[in-house]
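Okay, so here's the structure we're looking at.
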Amino acid sequence: MLTGLCLALALLGSSCGGGGSTPTSGDATPTTATLVVVMGAGSSTSPASVSLDGEVIAENVTYLSSTNPLIVPSGQHQLVVQNSSGVFGSSPSNPFVGLDLQPASQTTVVYITPAVFGVAVDTFTGDTTPAPNSMAKLRIVDTSFTTEALQVFIVPFGSGPTGSPQIPEFNQTNPTTYQTFSPGNYDVYFVTAPSSGGPPPTVRYHTGSLTLGANQNRSVYFLTACPDPPAGCNAEGTYTTVTVPDLN
763 MLTGLCLALA LLGSSCGGGG STPTSGDATP TTATLVVVMG AGSSTSPASV
813 SLDGEVIAEN VTYLSSTNPL IVPSGQHQLV VQNSSGVFGS SPSNPFVGLD
863 LQPASQTTVV YITPAVFGVA VDTFTGDTTP APNSMAKLRI VDTSFTTEAL
913 QVFIVPFGSG PTGSPQIPEF NQTNPTTYQT FSPGNYDVYF VTAPSSGGPP
963 PTVRYHTGSL TLGANQNRSV YFLTACPDPP AGCNAEGTYT TVTVPDLN
């Protein structure tokens, strides 16, 4: 168990704070790992807390945001996220998410509310290897549960979604991979795919300025924005993103 985890993390130069803690992913040692939790489920009025093996490691994590990178011991753990309404998980009897965190790894756990199906939890391993020549890496991950056919354009900030999309078919069935970009400011556009005889492509969402620095790796998680959903909520076309630093 993680009794005394806060003290151990403090000695590692980390923090036990919530969404306002200082990112410390660069301090990871071979006996620690980096963990980020993205809250794509829950309530806009009730922030969540994150516990690892019974110890709270982050608090006040608001809906459609994420924790800062948390330095935790590597190895096997049980993750629990809850707010004032209760515990998030596949069922009340099984609220734990089992994690096997490898030394010096980066893991992002995304909690999602996919319409009427309850809370789903997806786990993603981040790339912690820098791109060559001081470039940056970026991946776009579909965690929206949308049924729309979308394509993704990654363009310099201030530009529009023209030319060929970097991701022609954006959906959960395709594996998410990193692409390499020069350092700079970008905008990520999520656009409906063209169809024969259908309406012209429409921008469903774009991130606005997204900064990629040299030797940085980033993951952008694409989410359906549906706060405090009533039964049957399926806010098709109402989207947002959460960007997670996988490296630096």
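Mapping the sequence shown onto the working numbering, position 76 (from 1) lands on 838, and the numbers just tick up by one. Beta carbons are placed, not taken as given, at the ideal position from N, Cα and C, and that holds for glycine.
Buried or exposed by the 16-neighbour rule on C-beta atoms within 10 Å, applied to residue i
i: L773; result: Because the pLDDT of L773 is 38, which lies under 50, any placement of that residue in the model is unreliable, and the question is left without a value.
i: Y1001; result: buried
i: Q941; result: exposed
i: T939; result: exposed
i: S806; result: exposed
i: L921; result: The identity of residue 921 in the sequence shown is Ser, whereas the question assumes Leu. Exposed.
i: N933; result: exposed
i: N979; result: buried
i: T875; result: buried
i: P937; result: exposed
i: P956; result: exposed
i: P865; result: exposed
i: P831; result: buried
Collapsed DSSP secondary structure at residue i in the structure displayed
i: S971; result: coil
i: S896; result: helix
i: S800; result: The sequence shown places Val at residue 800, not Ser. V800: strand per DSSP, three-state reduction.
i: F907; result: coil
i: N933; result: coil
i: T1000; result: coil
i: T942; result: strand
i: L826; result: coil
i: G880; result: coil
i: D1008; result: strand
i: P865; result: coil
i: P918; result: strand
i: D889; result: coil
i: S981; result: strand
i: G860; result: strand
i: D949; result: strand
i: T986; result: strand
i: G1082; result: No statement about residue 1082 is possible, as the shown extent of the chain runs from 763 to 1010 and does not include it.
i: A820; result: strand
C-beta contact flag for residue i and residue j at 8 Å
i: T890; j: T869; result: no
i: A803; j: F850; result: yes
i: V965; j: Y951; result: yes
i: V823; j: A795; result: no
i: S827; j: V953; result: no
i: S846; j: S808; result: yes
i: V871; j: V883; result: yes
i: Q928; j: F915; result: yes
Residue from the options whose Cα sits closest to the Cα of residue i
i: M897; options: T807, L1009, G960, G975; result: G975
i: P962; options: L912, P835, P894, F850; result: L912
i: T973; options: P956, N1010, S806, N856; result: N1010
i: Y873; options: N977, S836, D904, A955; result: D904
i: E910; options: S808, T986, T793, S828; result: T986
i: G970; options: Q978, P1007, S836, P918; result: P918
i: G946; options: S836, N977, T807; result: N977
i: V982; options: S808, Y967, V1006, H968; result: V1006
i: D862; options: V881, V818, F915, T793; result: T793
i: L797; options: T829, P809, A893; result: T829
i: L900; options: F943, F984, M801; result: F943
i: P923; options: V800, T885, Y967; result: Y967
i: G848; options: T935, A810, I902, N895; result: A810
i: E931; options: I902, C988, P894; result: I902
Meets three-Cβ-pair contact criterion under 8 Å: the region 834–845 and the region 803–819: yes
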